[in-house]
Structure formats: structure tokens, C-alpha cells
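The next block holds one structure in the form of C-alpha cells; read it before the comments.
In our numbering, the protein residues as written are 25 to 301.
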């Protein structure tokens, strides 16, 4: 595959195509996301090994959504066989995906440990106080104002964002281009950096959508005098936005890479179908 450069405005288009593609098979995409969330919940309950396996599966989870999106654009229904295609590929590809998951899990654990050192465990204490009904609002507010907690949160978000760069396209490159683990991480990093304007807009649009949805829900139900309803609508809204986000990942990949001209049947098209344009 060849690396492409796209204008910054494509970041907005990726989001738009994500919503339009989701609308073609909303139940199927939602079911995949819910199934993945349930699997994550089950794994998180397994002592010691469960959380590690959960983190290691995240790169594969993003690839499953890309595979399903590609099938949807081709007019096919992505059944179990289609979704398992990445794990039924050749041994080198499966090994590369496994290595990606292990590297991602190791880096994530390192980020958590470093962030805990920065905030001195205050994030865990904050979560405990928020789940404890006997905790006062003042104690939670005081903790939120602690500079160490704020520094730890900045470290977590910043380092997690940096970690996402090499893993953004890596699973898809392993699956469709048969790249090795190290090669895919390098190619993904180069693609994100070269198209940083589009990715910056992509992230900004998603941040605005999440913030706008939260503000709109609070405003509407506040005016209606039903603030307790906000929590009830938060779950379906977060489900919708999270699912569409994962659907939109495919378009960032399809725009940043293209198959060689001599390939008679490229695995995807960089142009949206007519009904999505």
C-alpha cells in the first residue's frame, strides 16, 4: 500500500461517513459494540489476567469494526465468519496481531504506573470517594483541586493519545497489507503525522459532539425540570457516539493508504460509494 496525504477537511468527512455508514446497519454495528463491551466487562472481573487480556484485545476490536465497515460498504453483511477473518489469516498475520496486542497492553500498563506515580494514587482515591455515598461534596471538590491529580490526568490523556498514533492503522495494515508488527507501527505513525491536520480536526469534531450532546441533554432536561433523566439518556447517546466513532476509523485508514495500481482487487476503496458521497 502507498501512503497518501489528505487535506485537513477530510477529518470532518470521516465523521460524516461514519454516521452514514452506521445508518446502513445500525443494529449490527450496535450489537458488535455491545458484545465487545460485555466481553470487556467479563474480562475485567477476572483477577490479574483479565484486565491485561482486555487491554490487549483493544487493537483487534478496532480492526473488527474496520472489517465490518468494509463489508457494509461492499453491500455484504459482516457475519461471524467475516469478523473472524483476521484470526483465520496466515500465521505471520495472527502473530503480528498478537504482538500488537501485547505491546499495546504493556505500554498501557506503563502509562498507568507512571501516571499513578505522578498523582500519588489520588485518582483511585477520587473514584472511591465518588462511589462512596457517605463522601461529602467538599471532600471530592478539594481532591479535584489537587495539582497532583490534575497532573496525573494530563499525563494519562497525553500519553494515551501518543500511544494511539502508532496503533491507529497498525491492525488494519497487518490484515490488509500483511505488514509485520514493527512495520505496521512505523507506517501508522508516519501516516498520522503526515495527515495530522485531518486527524486534529477529526478529534476536535468528536470532542465537540460529545461535549455538545452532554450540554444539550443537561439543558433540555433541566428546562423540563427532569434532571434525573440525563443519566437515563446518557447511556444510549454514549453507545451511539462510541459505535459511530469506531465505524469512522475505517475511513481514516482508507484515505491515508491506497492499494498499488497493479492490484486488481484492492481490499478497500479510498472513495465513498455513490450513496455515501
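Ideal Cβ positions, reconstructed from N, Cα and C, are used throughout, including at glycine. In this text, all values refer to a predicted model and were calculated from it rather than measured experimentally.
Task: Length of the line joining the Cα atoms of residue 249 and residue 240 - done: 14 Å
Task: Where residue 63 falls: helix, strand or coil (DSSP) - done: helix
Open item on the list: Can you tell me where the alpha helix (DSSP H) holding residue 70 begins and where it ends?
Closed with: It is not in any alpha helix (DSSP H) - residue 70 carries neither H nor E in the DSSP assignment.
Task: Uninterrupted beta strand (DSSP E) stretches inside the segment 39-63 (no shorter than 3 residues) - done: none
Open item on the list: The alpha helix (DSSP H) that contains residue 220, what's its start and end?
Closed with: 220-247
Open item on the list: I'd like the span of the alpha helix (DSSP H) that includes residue 189, first residue to last.
Closed with: 171-191
Task: Residue range of the alpha helix (DSSP H) that includes residue 203 - done: Per DSSP, residue 203 belongs to no alpha helix (DSSP H) and is neither H nor E.
TODO: Starting from the Cα of residue 179, find the closest Cα among 41, 25, 136, 204 and give me that residue.
DONE: 136
Open item on the list: For residue 117, count the other beta carbons within 10 Å of its own beta carbon; 16 or more makes it buried, fewer makes it exposed. Which is it?
Closed with: buried
Task: Selection from 277, 279, 271, 280 that minimises the alpha carbon distance to residue 48 - done: 271
Task: Candidates 53, 79, 65, of which the one nearest residue 88 by Cα - done: 53
Task: Closest Cα partner of residue 263 within the set 27, 46, 34, 111 - done: 46
Task: Beta-carbon gap between residue 35 and residue 60 smaller than 8 Å - done: no
- [ ] Find out if the Cβ-Cβ distance for the pair residue 196, residue 277 is shorter than 8 Å.
- [x] yes
TODO: Please look up how many angstroms separate the CB atoms of residue 187 and residue 131, rounded, as I've assumed it's under 8 Å.
DONE: 5 Å
TODO: Excluding the 5 residues preceding and the 5 following residue 226 in the sequence, name in chain order all residues of the same chain whose CB lies nearer than 6 Å to its CB.
DONE: 35, 38
Task: Unbroken alpha helix (DSSP H) run spanning residue 125, endpoints - done: 115-143
- [ ] Determine, using beta carbons only, whether residue 164 and residue 153 come nearer to each other than 8 Å.
- [x] yes
- [ ] Compute the beta-carbon to beta-carbon distance between residue 320 and residue 125, rounded to the nearest angstrom, for a pair I have assumed lies under 8 Å.
- [x] Outside the displayed span of the chain (25 to 301) sits residue 320, for which this structure offers no information.
TODO: Spatial neighbours of residue 260 within its chain, please: CB distance less than 6 Å, with the 5 preceding and 5 following residues excluded, ordered by chain position.
DONE: none
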